[in-house]
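Beneath this line is the structure, given in structure tokens, with notes to follow.
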Amino acid sequence: RDRGLLRAYENYGHRINVITSFPEVQEMCPVPAARTWGVPPIRTEGELATWLGIELNELYWFSDVAGFGARLGAPPKTRHYSYWILTKRSGNIRLIEAPKSRLKALHRKILSEILERVPIHDAAHGFVKARSITTFAAPHIGRRVVLKMDLQDFFPSFHAARIQTLFRTIGYPERVADLFSGLCCASTPRELWKQMPIEVNPQQWRESRDLYFRTHLPQGAPTSPALANICCYRLDCRLASLANSAGAAYTRYADDLAFSGVGQFVRGIERFANHVAAVLLDEGFSVNFRKTRIMRHGVRQRLTGLVINQHPNVPRDEFDRLKAILTNCVRLGPDTQNREGLSHWRQHLEGRIGFVEMVNPKRGAKLRRIFDVIAWN
293 RDRGLLRAYE NYGHRINVIT SFPEVQEMCP VPAARTWGVP PIRTEGELAT WLGIELNELY
353 WFSDVAGFGA RLGAPPKTRH YSYWILTKRS GNIRLIEAPK SRLKALHRKI LSEILERVPI
413 HDAAHGFVKA RSITTFAAPH IGRRVVLKMD LQDFFPSFHA ARIQTLFRTI GYPERVADLF
473 SGLCCASTPR ELWKQMPIEV NPQQWRESRD LYFRTHLPQG APTSPALANI CCYRLDCRLA
533 SLANSAGAAY TRYADDLAFS GVGQFVRGIE RFANHVAAVL LDEGFSVNFR KTRIMRHGVR
593 QRLTGLVINQ HPNVPRDEFD RLKAILTNCV RLGPDTQNRE GLSHWRQHLE GRIGFVEMVN
653 PKRGAKLRRI FDVIAWN
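Under the numbering used here, the first residue of the sequence shown carries the number 293, and numbering increases by one thereafter.
Following this line, the structure appears as structure tokens:
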């Protein structure tokens, strides 16, 4: 017996209130539609760590809910992401945030065992098995008018609270959903953004910077495309319904939206585009109006690099340009054509040829025959 405890009880026992407390048991609480998806049940932080095959302290480190990795002065070695800054032809920039090997392995597990079991809308074609840019463009072939619209800053528009809500909808308890969100989202280090060139539009550059400073979906992570598609389900439902009411077709490839139709859709195309923009703004997206295109049948109609006036095809000028590069690689050597100094020049050319082969096998075969006789070092 503890004599000190007994004396304290004798002297002050009348002041003691005994409270019986039991820890709350966390349960999976999916929305009704999610009960058939077959996602793994994970009710606590410890179960999540076990499911991922890591220690609990590692789970806290990788999820970085407090955002320590993005704070000013954080050593690069402690960060979970590698960064690449790409400058597009327009002068705008694209930031690639790729998780390092250990976090990437966790992302792939989350993708294969959870996210790929969650259904997405039929209109979504980007990063989806058995769908591609050709299936994205197919419903719009031969239409009298095609409307193309673009979402600005697509991946950073999905902030951590939205991802946490998604995992709650799937059925995970709040704390588990918080950790899932932390694992799948990132916040860009401020000193990294200071290295980026200011874009053609300074106001747009500042707006993009503010999005990246928030915890967001990183472009370059294995889970980001699937999470974005799932989060866009309500958007796709609304736009598909809007298109259907106008007698039009609708598809989406990541941040590229396409609508096409005949009859009343052709006559009211400008008003329809305004309705689409209103829906996008209501869903929390910004529209890149500079990329909005209304393409009528008498002009070249292009979607995701394909000409779709009669059948999906690669633009003739791009085919001729690639053919000329390959021919010069044969005549003068491949290094003479690598003007941008790409480290994987051979793979780059193979990828471009593969794209043509997918869209137009006959043209692709011509390019492949030239490529096969290039003398690589």
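Each residue gets a CB set at the ideal place from its N, CA and C atoms; glycine is no exception. If you're wondering where the values come from, they're calculated on a predicted model, not measured in any experiment.
For the pair Leu527 and Met650, the Cα-to-Cα distance works out to about 29 Å. Taking every protein chain shown into account, the CB of Leu471 has 16 or more other CB atoms within 10 angstroms, so this residue is buried. A distance below 7 Å between beta-carbons, with the five flanking residues on each side excluded, links Asn652 to the following residues of its chain, in chain order: Asn605, Val606.
With the rule of 3 Cβ pairs closer than 8 Å, the stretch 330 to 349 counts as touching the stretch 462 to 469. By alpha-carbon distance to Pro514, the top candidate from Leu531, Cys477, Asp502, Cys523 is Cys477. The Cβ neighbour count for Ile377, taken over all protein chains shown within 10 Å, is under 16; the residue is labelled exposed.
Here Leu509 really is in contact with Pro448; their C-beta atoms are around 7 Å apart, less than 8 Å. The beta strand (DSSP E) runs of length 3 or more contained entirely in the stretch 542 to 594 are, from start to end of the chain, 548 to 553, 585 to 588. Take the alpha-carbon of Gly646 and the one of Leu348: they are about 44 Å apart. DSSP, read as helix, strand or coil, puts Asp502 in helix. If only uninterrupted beta strand (DSSP E) runs of at least 3 residues are considered, none is enclosed by the stretch 387 to 415. Beta-bridge partners assigned by DSSP to Leu443: Val579. Taking Phe581 as the centre and dropping the five residues before and after it, the same chain places no C-beta closer than 6 Å to its C-beta.
DSSP, read as helix, strand or coil, puts Trp329 in coil. Remark: three or more beta-carbon pairs, one from each stretch, lie closer than 8 Å, so the stretch 542 to 556 and the stretch 423 to 432 are flagged as touching. Counting C-beta pairs closer than 8 Å gives fewer than three between the stretch 583 to 591 and the stretch 608 to 621, which falls short of the contact rule. In this chain, Arg435 is not harboured by any alpha helix (DSSP H), its DSSP state being neither H nor E. Leu573 is classed as exposed because its beta carbon has fewer than 16 other beta carbons within 10 Å across all chains shown.
With contacts defined by Cβ atoms closer than 8 Å, Val323 and Thr457 do not form a contacting pair. Put simply, of Val579, Leu531, Leu519 the residue whose alpha carbon is nearest the alpha carbon of Glu499 is Val579. Three or more beta-carbon pairs drawn from the stretch 435 to 451 and the stretch 549 to 561 are found closer than 8 Å, and the two stretches are therefore classed as touching. Comparing alpha-carbon positions, the option among Arg501, Ala520, Gln556 lying closest to Ser537 turns out to be Gln556. Here Ser473 has Ala452, Ile455, Gln456, Phe459 as same chain residues with Cβ atoms under 7 Å from its own Cβ, once five neighbours each way along the sequence are excluded. According to the DSSP secondary-structure assignment, Val357 is paired through a beta bridge with no residue.
For Leu503, the CB contacts under 6 Å within the same chain, skipping 5 residues up- and downstream, are Asp445, Pro448 in chain order. Assignment of Tyr373 by DSSP, reduced to helix, strand and coil, places it in the strand class.
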